[in-house]
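Q: One structure, pasted below without further comment.
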Amino acid sequence: MTVPSGTIQTTARTKTIAEDVSNVITQISPEDTPFISNIGEESADSRIFEWLVDTLQAATTANAAVEGDDAPAASSQAQLRNNNYTQIFTKSVSVSGSYEEVKKYGMRSAMAYELAQRGAELKLDIEMTVLSNNTAYGGAAAAAATTAGFLAWIRTNVNKNTAGTNPTLSGTTDGHPNAGRGASTARVFTEAMLKDVLQQQWIAGGKPKQIYMGAFNTGEAAKFPGIASQQYNAPTGPTTIIGAASVYWSQWGKLTFVPSRLQPQGVVFTVDPSKVARSTLRGYRTIDLARTGDAVRKQLLYEGGLKVHNEMAHGVVADLTTS
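The sequence shown begins at 335 in my numbering and counts up one residue at a time.
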């Protein structure tokens, strides 16, 4: 049909039509930070923080004393001394005076909105860093200090491909990671690999509670042979079927699968969260920056590093496929 002459249409009067803009801003960026949310937090008193690592002497069947004999000579093992550096994580926000004052969709204050967004990004940066293969560096006049990530610490309870290399420490048996894990040809993640690492941890005295893995290997774990038929009697309820679920029963106890977006995707971590912590020198804070014109400027900052109490409490399955 022909439009009657003189009919006013929306296509001709765009300047007078109110925009249909939702007053809610939808954010789809992942904000999950399971690792730093589950581990502990301690205080640091210096940019380099240190801790001692000790182990018990091996058990023996020869501990038998002659009746009436003198007490044996005392014996003990020397403690190891590990260290790491704090890293400064920061984000900045600058909002013009005009933009702060005008009416906006989805927000009242542009500064408050930007601070919330940048604060979420800051936490994501911390999560990715403490899970990484980064080595420790004390910094220099024009170079930032870096904290060694979790992957760069784990070297005892490991299942890796033959050509893969374990991290090294600055003092050989103590100090901080000065070389991260070296990758090798990727393999498909299997339940046998996971059980191997859990067994190594158990023999070493570890008590892992959580299994961290990326998206692809979370799917691979769901395919473990026979996992759907495993059952256990819940303490206060009926039988629970363990399948592609968040709980995994092994010979060495119950563990929780934790999907982790920001960790290195080619590895699976088996973690005792009570034996690793963030060591914080300066907690999350917002700093007002000096105004140099018609804009309000703020800085978000956190300074801290990763403290792995004893790397033998944890494990890693390395050199895994990611697609």
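Heads up, the beta-carbon is just placed ideally off N, CA and C, and yes, glycines get one too.
Between the C-alpha atoms of V630 and Y433, what's the straight-line distance to the nearest angstrom?
A: 10 Å
Q: At which residue ranges does the segment 440–471 contain complete beta strand (DSSP E) runs of 3 or more residues, listed in the order of the chain?
A: none
Q: Just to confirm, are K494 and D653 a CB contact at a threshold of 7 Å?
A: Against a cut-off of 7 Å, the Cβ pair of D653 and K494 comes out as a contact.
Q: Might you give, ordered along the chain, the residues of its own chain that have their beta carbon closer than 6 Å to the beta carbon of A647, omitting 5 neighbours on each side?
A: G540, D606, K609
Q: Counting pairs of Cβ atoms below 8 Å between the segment 475–491 and the segment 503–515, do you hit three or more?
A: yes
Q: Over what stretch of residues does the alpha helix (DSSP H) that includes A549 continue unbroken?
A: 549–555
Q: Grab me the residues of G453's own chain with a C-beta within less than 7 Å of its C-beta, minus the 5 sequence neighbours each way, in chain order.
A: L634
Q: For G495, which of helix, strand or coil comes out of DSSP?
A: One point to set straight first is that residue 495 is Asn, not Gly, in the sequence displayed. Here N495 sits in coil by DSSP.
Q: Going by C-alpha distance, which of Q597, V601, F558, P593 is nearest W583?
A: F558
Q: What separation, rounded to the nearest whole angstrom, lies between the Cα atoms of P406 and A392?
A: Taking the straight line joining both Cα atoms gives about 17 Å.
Q: Just to confirm my understanding: we take V642, look at its own chain, exclude 5 residues before and 5 after, and list those with CB closer than 6 Å. What are they?
A: W487, V610
Q: What does V602 pair with, by DSSP beta-bridge criteria?
A: M547, V651
Q: Restricting to Cα atoms, I'd like to know which of L449, G498, T420 is closest to T469.
A: T420
Q: For the alpha helix (DSSP H) containing W586, list its first residue and its last residue.
A: It is not in any alpha helix (DSSP H) - W586 carries neither H nor E in the DSSP assignment.
Q: Measuring only from the beta carbon, is M646 closer than 6 Å to any heavy atom that is part of the ligand ADP?
A: Annotation note on the ligand ADP: not contained in the displayed structure, which lists no ligands.
Q: Excluding sequence positions up to five away, which residues of its chain have a Cβ less than 6 Å from the Cβ of Q533?
A: none
Q: By a C-beta neighbour count over all protein chains shown, 10 Å radius and 16 as the cutoff for buried, is I621 buried or exposed?
A: Exposed is the call here.
Q: Within a Cβ cutoff of 6 Å, which residues of the same chain sit near E448, ignoring the five residues on either side of it in sequence?
A: V427
Q: Would you say A486 faces chain E, with C-beta separation under 7 Å as the test?
A: This model lacks chain E altogether; it includes just one protein chain.
Q: Kindly indicate which three-state DSSP category E401 falls into: helix, strand or coil?
A: coil
Q: Who are G509's beta bridge partners in DSSP?
A: Paired residue(s): N416.
Q: What is the rounded straight-line gap between the Cα of E645 and the Cα of T490?
A: 7 Å
Q: Can you tell me which of the three DSSP states L390 falls into?
A: coil
Q: Name, in chain order, the residues that DSSP records as bridge partners for S430.
A: A629
Q: Our contact map puts F369 next to Y546 with C-beta atoms below 8 Å; I'd like the distance itself, whole angstroms only.
A: With a Cβ gap of about 7 Å, F369 and Y546 count as contacting.
Q: Give the DSSP bridge partners of T620, in chain order.
A: L634
Q: Check whether the segment 590–607 touches the segment 454–474, taking contact to mean three or more Cβ pairs, one atom from each stretch, closer than 8 Å.
A: yes
Q: Using the C-alpha atoms, what's the distance from R616 back to I307?
A: Examination of residue 307 is not possible in this model, given that the chain is present from 335 through 657 alone.
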